[in-house]
Amino acid sequence: RPYKENMADGLQVLRYNVTTAYIGHLDWIDPSPAVEHDFVTDGKGSNRFATILLYMTDMDKEEGGETVWTRATSLDEGAPGHAEALSGIRADPELSKLFKQGSWEEKMVATCRSKLAVNPK
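Residue numbers are given in this note's numbering: position 4 of the sequence shown equals residue -13, and the series is strictly consecutive.
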C-alpha cells in the first residue's frame, strides 16, 4: 500500500537537557464504542499504528535519557519502590538542588527509578 501523507503523524525531534523531559503520555486514544476505529489522522487525531524511538546520544547509562513505561514493573529486581526512590532523590544533594520538592519533575524521576526504564545504550 503506498504511503499517504494524511495517514501519518508528523516527525517529532526532541532534545532534552538535564532538567527537561517529555511528560508521561499514551500513544493511543481510547476508542469510542460508537465509532469504528481507523488510522486517519486528519481532524482530531487517531491511534498510532506504530511508535519508533531513535536515540542519538553519547550519554552513559548513569546520566539518564531513558524511556520509561510507567505502568510496567521494572525488570531490575533491586529497583526501589516509588516512595523509596523519592526518598533517595531528596537525600541526594545534587538531585535535591535540581527539583523542587513535590514537583512533577521530582515525581517523574522517582517513577523512572521505580518502573520499567530502558536506556538508549
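In this text, a Cβ means the ideal position worked out from N, Cα and C, and glycines have one as well.
As the structure is a prediction and not an experimental result, all values here were calculated from the model.
Rounded to the nearest angstrom, the Cβ distance from residue 51 to residue -6 is 22 angstroms, too far for a contact under 8 angstroms. Take residue 43, set aside five residues on each side of it, and no residue of its chain has a beta-carbon closer than 6 angstroms to its own.
In the structure shown, residue 73 adopts helical secondary structure according to DSSP, grouped into three states.
In the three-state DSSP reduction, residue 81 falls in the helix class (H, G or I). Cβ neighbours of residue 94 within its own chain (closer than 7 angstroms, five residues either side excluded): 51, 53 and 65. If you look at residue 1, you'll find it isn't in any beta strand (DSSP E); DSSP assigns it neither H nor E.
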